[in-house]
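Asks: Residues 5 to 267, numbered by the numbering used here, are exactly what the sequence shown covers, in order.
Glycine is no exception: its CB is placed at the ideal position from the N, C-alpha and C atoms.
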Amino acid sequence: MPSSPQPASRPGRVLDPVRRAVTDLGRLVLPVSCGGCGALDVPLCAACAELLLAAPLRREGAAPRLDRMDGRAPLPVWAPAECVGPVRELIVAWKDGGRVDLSRPLADALTRAARGLAPVLGACGGEAAGLLVVPAPSSASARWRRGEDLVGGLGTAVAQALVSQLPGTRACPALRRRWGALDQAGLGARGRGANLAGRLRVPRSIAGGLEGRPVLLVDDVLTTGATLAACEQALGAERAVVVGALVVAATPPPGRRSVGTGT
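1. Is it buried or exposed for D224, if we count other Cβ within 10 angstroms and need 16 for buried?
2. What are the start and end residues of each continuous alpha helix (DSSP H) run of 4 or more residues lying completely inside the segment 30–90, in chain order?
3. If I measure Cβ to Cβ from A133 and keep anything under 7 Å in the same chain, skipping five residues before and after, which residues do I get?
4. Counting pairs of beta carbons, one from the segment 64–79 and one from the segment 39–46, are three or more of them closer than 8 Å?
5. Going by DSSP, what residue range makes up the alpha helix (DSSP H) through L154?
6. Going by C-alpha to C-alpha distance, which of L136, R181, L204 sits closest to G159?
7. Using C-beta distances below 7 Å, list every residue in its chain close to E86, excluding the 5 sequence neighbours before and after it, in chain order.
8. Pick from L221, T228, A230, A241: whose alpha carbon is nearest that of V247?
9. I need the straight-line Cα distance from P207 to G151, nearest angstrom please.
10. DSSP state of P109, grouped into three classes?
11. Tell me the DSSP secondary structure of G248 in three-state form.
12. When we look at the beta-carbon of E54 and count the other beta-carbons within 10 Å, is it buried (16 or more) or exposed?
13. With burial defined as no fewer than 16 other Cβ atoms inside 10 Å of the residue's Cβ, what is the status of Q188: buried or exposed?
14. G213: which of A230, G229, E236, C176 sits nearest, CA to CA?
15. Tell me, please, whether the segment 90–102 touches the segment 124–131 by the rule of three or more beta-carbon pairs shorter than 8 Å.
16. Once you ignore the five residues that flank P84 on each side, which residues in its own chain have a CB closer than 8 Å to its CB?
17. Whole angstroms are fine: how far does the CA of S142 sit from the CA of D153?
18. Tell me, which residues are paired with A254 by DSSP?
19. Tell me the residue span of the beta strand (DSSP E) that contains V138.
20. Indicate whether at least one CB of chain B lies closer than 8 Å to the CB of A133.
21. My assumption, with CB atoms under 8 Å, is that P68 sits in contact with G229. Please give the rounded CB distance.
22. Between R119 and Q169, how many whole angstroms is the CB-CB distance? I'm expecting something under 8 Å.
23. Measuring alpha carbon to alpha carbon, tell me which of L121, C235, P35 ends up nearest L204.
24. Could you check what DSSP says for V124 in three-state terms: helix, strand or coil?
25. Measuring CB to CB, does V138 end up less than 8 Å from A178?
26. So, V162 versus L250, is the Cβ gap smaller than 8 Å?
27. Would you kindly work out how many angstroms separate the C-alpha atoms of P35 and S145, rounded to a whole number?
28. Measuring straight from C-alpha to C-alpha, what distance separates W148 and E93?
Following this line, the structure appears as structure tokens:
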């Protein structure tokens, strides 16, 4: 299979060391606090970290955009946590608050979940054919704003964690957003579906090696399922076999969301 293309977001790559330096300087002036609850002197306190360590559960039932509308079961999606309370706060801090120091604990939580799912993924073809771990693509503006591909980093960590149990597993950044696709944050269920409809593509350099390959999608949060549905559609068009998705946290059904914690 052709080697993965180099990241296209050159401004983000240039600015990344600068942003990290600014962040490190800021920590010399301002106290570090937990990204989940705000406790001082620790980037992630033990109580908040514990919320990420549960066994991954199937969460696709609460994501309406994953309904294929043809009688087939929706794409399986596993998550160790619900996106409420401190978990939601730490993900927001990580994505939009410049808290790159949370990348490692979030990756650790997801790799722990991935190792627990290895037998299931192997039974879906990952053991025989070589599992591809494909991160959901971020918009160019989001990558530039954050200075790096955060979800891509999660995908790499998951692939590295699974390779010992499923030899041949590797990260594969196989999806790109076409021009015009916005960041999904802040959009409702209809807006999320329309935003990505037909706007994800597989580069030609990668497409030829996807036929028949089992794929595990990786993302940070499951909300309506629009992003994962669009990923599955784009990969399916190249005859890849998407066996499921793994996310850090899933937004619970509306009736179960705590006040002020919905996404």
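Replies: Reading it off the structure:
1. For this step, residue 224 is matched to residue 220 along the sequence shown. Buried, since its Cβ has 16 or more Cβ neighbours within 10 Å.
2. 50–54
3. The sequence position of residue 133 within the sequence shown is 129, counting from 1. Only G216, R217, P218 meet the Cβ criterion.
4. no
5. Translated into positions along the sequence shown, residue 154 becomes position 150. Run containing L154: 154–166, per the alpha helix (DSSP H) assignment.
6. Residue 159 sits at position 155 when you count from the first residue of the sequence shown. The option with the nearest alpha carbon to G159 is L136.
7. Mapped onto the sequence shown, residue 86 falls at position 82. Only A253, A254, P256 meet the Cβ criterion.
8. As a working mapping, residue 247 is identified with position 243 in the sequence shown. Comparing Cα positions, the closest option is L221.
9. Reading the sequence shown from its first residue, position 203 is the one you call residue 207. Reading the sequence shown from its first residue, position 147 is the one you call residue 151. When rounded, the distance between both Cα atoms is 23 Å.
10. Taking the sequence shown and counting its residues from 1, the one referred to as residue 109 is at position 105. Reduced to three states, the DSSP call for P109 is helix.
11. As a working mapping, residue 248 is identified with position 244 in the sequence shown. Three-state result, G248: strand.
12. Locating residue 54 in the sequence shown gives position 50, counting from the first residue. Exposed is the call here.
13. As a working mapping, residue 188 is identified with position 184 in the sequence shown. With a pLDDT of 47 at Q188, under the threshold of 50, the predicted position of this residue should be treated as unreliable, and no value is reported.
14. Here residue 213 is taken as the residue at index 209 of the sequence shown, counted from 1. When each option's Cα is compared against that of G213, the closest is C176.
15. no
16. As a working note, residue 84 is residue 80 in the sequence shown. If we look at P84 and ignore the five residues flanking it on each side, its Cβ neighbours are L56, L57, A58, A59, P60, L61, A113, L114, R116, A117, V252, A253.
17. Sequence index remark: in the sequence shown, residue 153 carries index 149 (1-based). Sequence index remark: in the sequence shown, residue 142 carries index 138 (1-based). D153 and S142: Cα-Cα distance of roughly 7 Å.
18. Start at 1 with the first residue of the sequence shown, and residue 254 comes out as number 250. Answer is E86, L226, bridged to A254.
19. The residue given as residue 138 occupies position 134 in the sequence shown. Run containing V138: 136–139, per the beta strand (DSSP E) assignment.
20. Among the protein chains of the structure shown there is no chain B, as only one such chain exists.
21. The residue you call residue 68 lines up with position 64 of the sequence shown. The residue you call residue 229 lines up with position 225 of the sequence shown. Correct: roughly 7 Å between the Cβ atoms.
22. Position 115 of the sequence shown, counted from the first residue, corresponds to residue 119. Position 165 of the sequence shown, counted from the first residue, corresponds to residue 169. Right, their Cβ atoms sit about 7 Å apart.
23. Position 200 of the sequence shown, counting from 1, holds the residue named residue 204. Answer by Cα proximity: C235.
24. Along the sequence shown, one-based indexing puts residue 124 at 120. DSSP places V124 in helix when its eight states are reduced to three.
25. Counting from 1 along the sequence shown, the entry for residue 138 is found at position 134. Counting from 1 along the sequence shown, the entry for residue 178 is found at position 174. Cβ distance < 8 Å, so V138 and A178 count as in contact.
26. Sequence index remark: in the sequence shown, residue 162 carries index 158 (1-based). Sequence index remark: in the sequence shown, residue 250 carries index 246 (1-based). Yes, the pair counts as a contact, with Cβ atoms nearer than the cut-off.
27. As a position in the sequence shown, residue 35 is number 31, starting the count at 1. As a position in the sequence shown, residue 145 is number 141, starting the count at 1. Between P35 and S145, the C-alpha separation is close to 29 Å.
28. Here residue 148 is taken as the residue at index 144 of the sequence shown, counted from 1. Here residue 93 is taken as the residue at index 89 of the sequence shown, counted from 1. W148 and E93: Cα-Cα distance of roughly 22 Å.
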